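Chemist: Below are the structure tokens for one structure; questions will follow.
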Amino acid sequence: MGAITFYEQDRIFKLDTPNSSYVIGIVDEENFVGHVYYGKKLRDYRIGYLLRTKEGPFVPSENNRDRTSFLDSFPMEYPGNGVGDYRRSSIAVKTAGGHVAVSLSYVSHRIYPGKPMLPGLPATFGAEKECETLELLCEDKVLGLQVVLLYTVFLDVDVIARSVRVVNQGEPLYLTKVLSANLDMDNKDFELLTLHGSWARERMMQWRKVGKGFCGLESVRGETSHQDHPFMALKAGDATQTNGEVYGMHFVYSGNFLAQVELNQHDVIRAAMGIHPENFCWKLEKGEEFQTPEVVLVYTNGGMDDMTHQFHELYRNHLIRGEYKNKKRPILINNWEATYFDFDTEKLLSIAKKAAELGIEMLVMDDGWFGHRNDDNTSLGDWFVNENKIKGGLKYLVDEVNKLGMKFGIWFEPEMISPDSELYKAHPDWAIRVPNRTPSLCRNQYVLDLTRKEVRDYAYECVAKILRSANIEYVKWDMNRQLSDIGSMELPADRQGELYHRYVLGLYEMQERLVTEFPHLLLENCSGGGARFDPGMLYYSPQIWCSDDTDAVERLKIQEGTALIYPLSTMGAHVSDCPNHTVGRVTPFETRGHVALAGTFGYELDITKIPEEDKKLIPEQVAMYHKYNDLVREGDYYRIASYQENHYFDCYEVVSKDKNEALITFVQVLNRPNYRSRRICLKGLDPEKNYRIEGEKEIYAGDTLLYAGIQIANLWGDFQSKLLHIVSC
Ligand code: DGJ
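Counting from 1009, one number per residue, gives the positions in the sequence shown under the working numbering.
Here it is, written out as structure tokens:
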């Protein structure tokens, strides 16, 4: 297949994606594994000289009196700890004697077609003809510790997936840090792009120049978080949206993470990503192993647009699974913003009836249908239908909804326990907590200890029992607080440091069980909005709720940051009522529809109460969804103008793979008189083809649309929007 080649004489590994090369060299000097090159595809492999080991007396064998100088500057593929490389390490241990040192040398390797599954973890996948894997076995002889560096090279996308497997062949020890990938490379005047936010303001893009010293982002909240996202991109100083070098790193994981960049004294970058070492301590007995989650690396010479395309293709083809992977999702109506906790069968059926009349295809019953939950203070863990609200029972409700020709979906928060619940009375020890310390509440709830099998089994069975009881075709799996008071009543003292990661493994196990038992289920993950929007969760659910902020203007920013790395098909997006419940803004119903069309599309409002003129627009929006969703789901997304940057208007485009069709969304957030041209240069079209804007007569040459552009006429008022459907002719 030839995507990975080992040149034995030169001791060079060359990994080739369609447009990039990644070169690793083993040096005679103690078999250290050096990072030689990652960038535009090379024809030749003979670049081992870049490791500069022939420039002795630099190397230890010729200048051991300055061994640390070598270790502190050699570009390590996977840096050890505590022996003289003073940059940030990727791995650290604690031995029985309390020592931390790790130093790794190459032992052997294996190259094979395909990609191994990572036990218990979500990961990208590919058939034997789609990718090839290199396993580099390294060892610390003193510790008897084996470290296997895994690299999978994809043949259809410019992606290399990396992870690490640690096998302890020596005395018992504790792993206190084990990152998934490290990149040592010369600085190219890099700018760092990261995503940050808060509740209702997830994944805002932030650029900063990489300067000397250390910078990074992280979560120690037990989940991915609203605040920081496990992604970073290094853009070369001269790169742009459409051209130049960009390195992207994204972590396929849903728990604590660390993403770090260090620029050292020699102007060399060290970028790394993995499980956050804070409060992480994993015991490895002799013979035991630890597998890290994976980091996916993208290299492109095609600027930010191409980085986005590589991630989108990777996730669409090699991460998302199940029946809905390539399928249109039913248009749903969710009752959360419509009713909050104040609903019953009658209310839900009145919403469903009106929704069905207008073309909506699924009713989702959100929080508040179980135990005695009439607000957010109680009943998590008591997953018994509250028949005072759901009169006639759940099956009756589902059947009635089905009779209207609609599907039915339901909300759960399976990982949680309310102090006011039957479950807590019976099992107070099932909550994560530290003995003799009152745990901190958040939304008046605690987190269940998913490291325990009996707890996972209970929580899973609660969900499954409800799903088995009626024709339920969709689940929204929510998580509304982050972890604190890290203690498990079951783990022994020397394994408490494993809780955070074991929690995530427990969650993955439960979701794997769910999608296996219910293969036709549409699962949507959610966490207080978009706090667990990450590639790990995408492995289980093809869509994730993007944010609790459904305001069309705020959504432009949230969806822009999300679409930077995630396909539009994954972004949960709904039309809600105005004034918006989060920011109080009033935007036209059309604009709310246009913005939600860039995601999964649905409604979250009381359809029986909204103004008649809004109601009338729903069938039109439904028709638009059916007309454009294949294009939105499968096409190439382009960011054209950003309201975040110009504070004026937003514009993005989706182009079909055959370049025969494109959908352009233009949102004029503010109407500014005599301000500046609203000229839009399109992207991704074929310059040789001719196109028409649907509904207009003029014919435009593709190159005209690409390079000269079109002029969007001024729209009257703020928050106005326009969709342009371009078709080849
Ligand atoms: C947070 C979610 O993001 C909302 O959509 C809603 O499901 C609430 N939780 C319910 O408690």
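Built from N, CA and C at the ideal position, the CB exists for glycine as well. If you're wondering where the values come from, they're calculated on a predicted model, not measured in any experiment.
Hey, which unbroken runs of the alpha helix (DSSP H) at 4 residues or more fall wholly within the segment 1510-1586?
Modeler: The qualifying runs are 1543-1546, 1560-1571.
Chemist: Here's a check: name, in chain order, each residue in its chain whose Cβ is nearer than 6 Å to the Cβ of residue 1610, leaving out the five neighbours to either side.
Modeler: Around residue 1610: 1339, 1340, 1582.
Chemist: Between the segment 1106-1121 and the segment 1066-1074, do three or more beta carbon pairs fall short of 8 Å?
Modeler: In short, these stretches do not touch, since the Cβ pair count stays below three.
Chemist: Would you mind working out which of 1122, 1130, 1145, 1370 sits nearest residue 1136, comparing C-alpha positions?
Modeler: Among 1122, 1130, 1145, 1370, the Cα nearest to that of residue 1136 belongs to 1122.
Chemist: State yes or no: is the C-beta of residue 1024 within less than 8 Å of the C-beta of residue 1155?
Modeler: Cβ distance not < 8 Å, so residue 1024 and residue 1155 don't count as in contact.
Chemist: For residue 1715, is the classification buried or exposed, using 16 other Cβ atoms within 10 angstroms of its Cβ as the cut-off for buried?
Modeler: Looking at its Cβ environment, which holds fewer than 16 other Cβ atoms inside 10 Å, residue 1715 is exposed.
Chemist: Any idea which residues DSSP pairs residue 1139 with across the strands?
Modeler: In the DSSP output, where bridge partners are listed per residue, residue 1139 has 1162.
Chemist: Regarding residue 1391 and the ligand DGJ, is the C-beta to nearest heavy atom distance less than 7 Å?
Modeler: No, the ligand DGJ has no heavy atom inside 7 Å of this Cβ.
Chemist: Taking the CB atoms as reference points, tell me whether residue 1196 and residue 1245 lie closer together than 8 Å.
Modeler: Against a cut-off of 8 Å, the Cβ pair of residue 1245 and residue 1196 comes out as a contact.
Chemist: How many Å lie between residue 1214 and residue 1204 at the Cα?
Modeler: For residue 1214 and residue 1204, the distance between alpha carbons rounds to 7 Å.
Chemist: Using DSSP with H/G/I as helix, E/B as strand and the rest coil, what is residue 1433?
Modeler: Three-state DSSP puts residue 1433 in a helix.
Chemist: Mind listing, in chain order, the continuous alpha helix (DSSP H) runs of no fewer than 4 residues lying wholly within the segment 1079-1135?
Modeler: List check, alpha helix (DSSP H) in window: nothing returned.
Chemist: For the ligand DGJ, is there a heavy atom less than 7 Å away from the beta-carbon of residue 1485?
Modeler: Flag unset: Cβ of residue 1485 not near the ligand DGJ.
Chemist: At a cut-off of 7 Å, is residue 1236 close to the ligand DGJ when judged by its beta-carbon and the heavy atoms of the ligand?
Modeler: Checking the Cβ of residue 1236 against the ligand DGJ gives no.
Chemist: Using a threshold of 8 Å, state whether the C-beta atoms of residue 1254 and residue 1224 are closer than that.
Modeler: Their beta carbons are not under 8 Å apart, which means residue 1254 does not touch residue 1224 by this criterion.
Chemist: Could you tell me whether any non-hydrogen atom of the ligand DGJ is closer than 7 Å to the CB of residue 1542?
Modeler: No, the ligand DGJ has no heavy atom inside 7 Å of this Cβ.
Chemist: Going along the chain, which unbroken runs of the alpha helix (DSSP H) with 4 or more residues stay wholly within the segment 1430-1493?
Modeler: Whole alpha helix (DSSP H) segments, 4+ residues: 1430-1434, 1461-1476.
Chemist: Answer with buried or exposed for residue 1586, where buried requires no fewer than 16 other C-beta atoms within 10 angstroms of its C-beta.
Modeler: Per the 10 Å Cβ criterion, buried.
Chemist: Let's test the definition: count the other Cβ atoms within 10 Å of the Cβ of residue 1479 and tell me whether it reaches 16, buried, or not, exposed.
Modeler: By the neighbour-count rule (16 or more Cβ atoms within 10 Å), residue 1479 is not buried but exposed.
Chemist: Run through the DSSP bridge pairs and tell me what residue 1072 is partnered with.
Modeler: Paired residues: none, contrary to the question.
Chemist: Where do the ends of the beta strand (DSSP E) carrying residue 1358 lie?
Modeler: Residue 1358 -> not in any beta strand (DSSP E); alpha helix (DSSP H) instead, spanning 1353-1365.
Chemist: Once the 5 residues before and after residue 1739 are set aside, which same chain residues still bring their CB inside 6 Å of it?
Modeler: With the chain running from 1009 to 1737 in the structure shown, residue 1739 is simply not present.
Chemist: Is it buried or exposed for residue 1396, if we count other Cβ within 10 angstroms and need 16 for buried?
Modeler: Residue 1396 is exposed by the Cβ-count criterion.
Chemist: How is residue 1691 classed by DSSP in three states: helix, strand or coil?
Modeler: DSSP places residue 1691 in coil when its eight states are reduced to three.
Chemist: Checking the sheet assignment: what are the DSSP bridge partners for residue 1226?
Modeler: Its beta-bridge partners are 1266.
Chemist: Taking the straight line between their C-alpha atoms, what separation do you get for residue 1377 and residue 1673?
Modeler: Roughly 38 Å between the two C-alpha positions.
Chemist: Looking at the ligand DGJ, does it come within less than 7 Å of residue 1417, judged from the CB to the closest heavy atom?
Modeler: No, the Cβ of residue 1417 stays beyond 7 Å of every heavy atom of the ligand DGJ.
Chemist: Let me know the secondary structure DSSP gives residue 1272 once reduced to three states.
Modeler: In this structure, residue 1272 counts as coil in the three-state DSSP scheme.
Chemist: Looking at the secondary structure, which residues open and close the beta strand (DSSP E) in which residue 1325 lies?
Modeler: Counting along the chain, residue 1325 falls outside any beta strand (DSSP E), though it belongs to the alpha helix (DSSP H) covering 1311-1326.
Chemist: Using 8 Å as the threshold, is the C-beta distance between residue 1580 and residue 1607 below it?
Modeler: Yes. Within cutoff.
Chemist: Less than 7 Å between the CB of residue 1384 and some heavy atom of the ligand DGJ, yes or no?
Modeler: Under cutoff, so the answer is yes.
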